[in-house]
Structures are given as structure tokens and as C-alpha cells.
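Visitor: Handing you this structure, nothing more for now.
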Amino acid sequence: MEGIKNFLRNASTGLKVAVGGFLALVLVIIVVAIVVLVTPGPVEDTHVEVANFEEATEVPDDYQTNIQKLMWGAIESNDALNNVVFTDAEVREGSYSETTSGSATIAKFIIDVPSMRYSFAVTASWADGNVDTEDKSIYLECPHYLDVIYTDTKCIAATPIEQVERYLPHYDYVGDGKLVSVMKRKYDVFQEHAGEPYLAINVNACGDAGVMEAARNVVVQWLKSIYLDPNDYYLEVLDTCQ
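So the number in my numbering is just where the residue sits in the sequence shown, counting from 1, plus 84.
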């Protein structure tokens, strides 16, 4: 304290100003550092908030954020929404499961958004001690048709052809037991809709228009039974009679 008094009494005005400026700068730096430390970081606006993520899953926090962002990306691309936040999303009770492979954990579960009547089947995997990687392994898809609860809305997590692929090939019967098979094909370059996928309905009709129509109808009913819209697909009935 005595040294400070001597400095103030004997130092030149220029030196006092320099020291005072330095101390003021130090004080500003300290104040700014304190503000930065106590101010919460910016919260990412995911627009979708899964209410029970912490209670219902073991998914790491940063993965939770990414999952919510991916869900919003799917919703936003299918609906004209501005500044809407959905807070009613929930991990479906009983849907969460985990498996391990070496040091990796693989989690599967379903998230429902009641206000939108949408569901998302989620698969997320992470390695122990390495959950902050930029390349997060997260995959969103449509629930299996046995897990669909919103039967009046279309799933938006995948394209119609991606949704039906998981159930192909499909087999059915018409008439007196004629086999009907359904598989995905693509139109040739010289055909209308060149390069686009279609569902090939194969039946040994031998020119019988009634059998071919029955084959088409049974496939239409099958698509409806797994909550897919037949109008979302090109359906081509192919007579396999030799």
C-alpha cells in the first residue's frame, strides 16, 4: 500500500496515465471473461423437442440434438411451416432397445409427434468415449407397418419406393391359386418414365385379362394393408406365360 502511495505521489503524469490505462484494460478483460463464462451458450433451434429423451433413452446429448434436427428437416421439407416448435414429440414407450458390438452401442427406437401425426424410426450408434464425432451415425426411417399408429398420414421419413422396398419381394395368389410376385424394377431408357422405378406384378395369366386385373387388385390391397398409397407407385402387370 505504501508503494502505491509513493507511486501516486512521485510518478509523472504520463506514467500514471499509462498504468491507469493498463489496469483499466485488465479490468475490462476480466469482466468480459466473467460474462462469457456465466452466459449460457446458444441453444440450437431444432423446432422439435422430444420431451422424454433423457428418461426413455441412453442416447448421448449431442446425438439427441442431431436427431431432432433431422426430424425437423423431414417435417419442414413436407410442410409449409414457419417458426413452429413442436414440444409434444416423445420416444414411444417400450420401443427403445440397445445392442452392443465391440465398443459400439446401437440404439433403436420410435419417436412420435402427435400434433403432426408423424412417427420416425431411429437408429443411432456410437462408440464408447467417442460420442462427439462430427460424423454421427444416425438413421431415420419409417416404422415397420406393424408399428404404424397414425394410419391416416403418410410417413415422411423416406420416399414411397424406399418404404416399399423393405417388404419386397412380395408374393400373393389369385384365382385358382396362380402365384403373383411383386418386385421393384426400373423403366428402360426407351420407355415412358425412363429410369424411374416401378412395381412389377408378375403373374402367369396367359393372356387372361381377368387374371391380370385380379393380380393388380390384390397388390393394390396389399399396399393399402401396409399403409402405403398405391397412387404413389407405377404398377405394371407382366404376363409371365411361356
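Each residue gets a CB set at the ideal place from its N, CA and C atoms; glycine is no exception.
With a threshold of 8 angstroms on Cβ separation, who are the neighbours of residue 201 within its own chain once the five nearest residues in sequence on each side are excluded?
Guide: Correct list, in chain order: 234, 236, 237.
Visitor: Whether or not the stretch 318-325 and the stretch 279-295 are in contact is what I'm after, with contact meaning three or more pairs of Cβ atoms, one per stretch, closer than 8 angstroms; do they touch?
Guide: yes
Visitor: Using the beta-carbon count (16 or more within 10 Å), is residue 147 buried or exposed?
Guide: Buried, by the Cβ-count rule.
Visitor: Considering only the alpha carbon of each residue, which of 205, 230, 232 lies closest to residue 222?
Guide: 205
Visitor: With DSSP as the reference, label residue 274 as helix, strand or coil.
Guide: Of the three classes helix, strand and coil, the one that applies to residue 274 here is coil, per DSSP.
Visitor: Over what stretch of residues does the alpha helix (DSSP H) that includes residue 135 continue unbroken?
Guide: Looking at the DSSP string, residue 135 is not in any alpha helix (DSSP H), and its letter there is neither H nor E.
Visitor: Given a cut-off of 8 angstroms, decide if residue 131 and residue 44 are closer than it, judged by their beta-carbon atoms.
Guide: In this structure the chain extends from 85 to 326, so residue 44 is not present and cannot be described.
Visitor: Hey, residue 271 and residue 319: beta-carbon distance below 8 angstroms or not?
Guide: no
Visitor: Does residue 152 pass the burial test, meaning 16 or more other C-beta atoms within 10 Å, or should it be called exposed?
Guide: Counting C-beta atoms within 10 angstroms of its own C-beta, residue 152 has 16 or more neighbours from the protein chains shown and is therefore classed as buried.
Visitor: Can you name, in chain order, every residue of its own chain whose Cβ lies under 8 angstroms from the Cβ of residue 172, other than the five neighbours on each side?
Guide: Excluding positions up to five away in sequence, the list reads 135, 197, 198, 199.
Visitor: Just to confirm my understanding: we take residue 299, look at its own chain, exclude 5 residues before and 5 after, and list those with CB closer than 6 angstroms. What are they?
Guide: 258, 264, 285, 287, 321
Visitor: Going by DSSP, what residue range makes up the beta strand (DSSP E) through residue 257?
Guide: 254-258
Visitor: I need the straight-line Cα distance from residue 277 to residue 317, nearest angstrom please.
Guide: 12 angstroms
Visitor: Using DSSP with H/G/I as helix, E/B as strand and the rest coil, what is residue 198?
Guide: coil
Visitor: Near residue 308, which residues of its chain fall below 8 angstroms by C-beta distance, leaving aside the five closest residues on each side in sequence?
Guide: 314
Visitor: Sort 195, 186, 293, 262 by Cα distance to residue 177 and report the nearest one.
Guide: 195
Visitor: Can you check DSSP and say which residues form a bridge with residue 155?
Guide: Note: residue 155 sits in no beta bridge, so no partner.
Visitor: Might you give, ordered along the chain, the residues of its own chain that have their beta carbon closer than 6 angstroms to the beta carbon of residue 155, omitting 5 neighbours on each side?
Guide: 132, 204
Visitor: If you follow the beta strand (DSSP E) that residue 286 is in, where does it begin and where does it stop?
Guide: 281-287
Visitor: At the level of alpha carbons, what is the spacing between residue 280 and residue 252?
Guide: 17 angstroms
Visitor: Of all the options 274, 232, 255, 261, which has the alpha carbon lying nearest to the alpha carbon of residue 312?
Guide: 232
Visitor: Restricting to Cα atoms, I'd like to know which of 262, 266, 256, 255 is closest to residue 245.
Guide: 266
Visitor: Measure the beta-carbon distance from residue 225 to residue 211 and round it to whole angstroms, keeping in mind my assumption that it falls under 8 angstroms.
Guide: Contact flag wrong, Cβ pair sits at about 22 angstroms.
Visitor: Can you name, in chain order, every residue of its own chain whose Cβ lies under 7 angstroms from the Cβ of residue 295, other than the five neighbours on each side?
Guide: 258, 259, 262, 287, 289
Visitor: So for residue 300, helix, strand or coil by DSSP?
Guide: Secondary structure of residue 300 (DSSP, three-state): helix.
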